[in-house]
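Encoded as structure tokens, the structure appears first; notes follow it.
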Amino acid sequence: MENSASGILQFLPPLFVGALLVFACYHFYNKYVVVSRELAVNLQKLARTVRSMTEGDEQARRSGVGKVFMNTPLENTWKDFAKTLHAQTTVQEGLLKQTRSRMTVPAEHFFSVSAVIDRPLGVDYFKHLPGILTGIGIIGTFSGLLFGLSNFDTSSAEAMQTSISLLIAGVRDAFYASAAAITAAMVITHWEKLLYYRCLSALDELVDAVNSSFEAGV
């Protein structure tokens with residue numbers, strides 16, 4: 005009965021590590037993978053729409069670009085950028101009319117990586133998630149060893165043989181859990197980098213499209 009209880013206790017560390025791995029992977033997929041894909045797609049759509057307005061009347065272009073960002077997470081960012089556009093005016097038929105807007109501050113100053121990508125994705129947390137998973141795997145391994153050693157019975161040859169079997173089984177399961185945690189950490193690291201660079205590329209396209217829509221200078 006005691007050996008059975010000891011065997012069950014030795015399964016607790018790998019089960020705990022496995023449960024944390026499942027939760028971490030699920031959280032990573034829902035809070036980072038899904039959100040980053042949606043963000044990259046939206047940035048690419050905005051970039052294509054803004055770039056399609058490079059021709060035509062400049063004033064209509066500014067109004068059109070503003071409408072593109074309306075009701076999007078970047079609406080306030082656009083409004084802050086629009087405040088820096090210098091209105092160039094001329095006299096037409098005795099009236100002072102605005103003919104164009106010149107860009108005084110580059111768009112990347114407002115459409116920055118930290119504001120558009122890092123903050124919505126919670127990048128600071130997910131960059132450290134692989135290290136957290138690796139640490140959990142190591143803790144699971146040592147926990148399995150501690151459970152096995154603490155229940156090691158040397159009272160008789162038969163009890164010692166049973167304890168050795170339980171210890172080896174517990175260590176094996178703990179190492180499996182640790183290997184799974186390290187593997188998950190490596191996969192998450194690679195996946196996170198790919199998705200992050202995709203968002204960076206989409207943001208670069210958007211910034212370039214906005215900069216191309218307005219002439220620089222005052």
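Numbers 5 to 222, taken from this note's numbering, label the letters of the sequence shown in order. Virtual Cβ for every residue (Gly too), placed ideally from N, Cα, C. This one's a predicted model, so the numbers in the text were calculated from it and none came from an experiment.
DSSP beta-bridge partners of M107
Here residue 107 refers to the residue found at position 103 when the sequence shown is read from its first residue. Note: M107 sits in a beta bridge opposite L89 and A220.
To the nearest angstrom, how far is it from the Cα of Y30 to the Cα of A91?
Residue numbering aside, residue 30 sits at position 26 when the sequence shown is read from its first letter. Residue numbering aside, residue 91 sits at position 87 when the sequence shown is read from its first letter. If I take the Cα positions, the gap works out to 50 Å.
Counting C-beta neighbours from all protein chains within 10 Å, is the total for M5 16 or more, i.e. buried, or is it exposed?
Against the sequence shown, residue 5 aligns to sequence position 1. For M5, the predicted structure reports a pLDDT of 46, less than 50, and the residue's modelled location is therefore unreliable. A value from the coordinates is still provided. So M5 counts as exposed.
Distance, F32 Cα to K49 Cα
What you label residue 49 is simply residue 45 of the sequence shown in a count that begins at 1. What you label residue 32 is simply residue 28 of the sequence shown in a count that begins at 1. When rounded, the distance between both Cα atoms is 25 Å.
CA-to-CA distance, F27 to V214, given in whole angstroms:
The residue you call residue 214 lines up with position 210 of the sequence shown. The residue you call residue 27 lines up with position 23 of the sequence shown. If you take the alpha carbons of V214 and F27, they lie about 40 Å apart.
Secondary structure of T166, DSSP reduced to three states:
In the sequence shown, the residue the question calls residue 166 occupies position 162. The answer is helix: DSSP assigns T166 an H, G or I state.
What number of angstroms, rounded off, separates the C-alpha of F4 from the C-alpha of W82?
As displayed, the chain neither begins before 5 nor continues past 222, which places residue 4 out of reach and without an answer.
Give the straight-line distance between the Cα atoms of V211 and R55, rounded to the nearest whole angstrom.
As a first step, residue 211 is located in the sequence shown; it is residue number 207 there, counting from the start. As a first step, residue 55 is located in the sequence shown; it is residue number 51 there, counting from the start. Roughly 10 Å between the two C-alpha positions.
Helix, strand or coil for M190 per DSSP?
In the sequence shown, the residue the question calls residue 190 occupies position 186. Of the three classes helix, strand and coil, the one that applies to M190 here is helix, per DSSP.
So is I143 in contact with chain B if we call contact Cβ pairs under 8 Å?
No chain B is present in this structure, which holds just one protein chain.
On the premise that V117 lies in contact with L78, defined as a C-beta separation below 8 Å, what is that separation, rounded to the nearest angstrom?
Start at 1 with the first residue of the sequence shown, and residue 78 comes out as number 74. Start at 1 with the first residue of the sequence shown, and residue 117 comes out as number 113. Not really, about 13 Å apart at Cβ, beyond 8 Å.
How far does the alpha helix (DSSP H) with V38 in it reach, from first residue to last?
Residue 38 sits at position 34 when you count from the first residue of the sequence shown. Taken as a continuous stretch (DSSP letters only), the alpha helix (DSSP H) holding V38 covers V38 to R55.
Using the C-alpha atoms, what's the distance from K197 back to V109?
Stepping through the sequence shown from its first residue, residue 109 is reached at position 105. Stepping through the sequence shown from its first residue, residue 197 is reached at position 193. Distance between the alpha carbons of V109 and K197: 30 Å.
Taking the Cβ atom as the reference point for each residue, do P17 and S205 lie within a distance shorter than 8 Å?
As a working mapping, residue 17 is identified with position 13 in the sequence shown. As a working mapping, residue 205 is identified with position 201 in the sequence shown. Against a cut-off of 8 Å, the Cβ pair of S205 and P17 comes out as no contact.
Assign D177 to one of two classes, buried (16 or more other C-beta atoms within 10 Å of its C-beta) or exposed (fewer than that).
Here residue 177 is taken as the residue at index 173 of the sequence shown, counted from 1. Result: buried.
So F218 and L89 are in contact, right, with Cβ under 8 Å, and what is the actual spacing, rounded?
Sequence index remark: in the sequence shown, residue 218 carries index 214 (1-based). Sequence index remark: in the sequence shown, residue 89 carries index 85 (1-based). Between L89 and F218 the Cβ distance is about 6 Å, and since that is below 8 Å, they are a contact.
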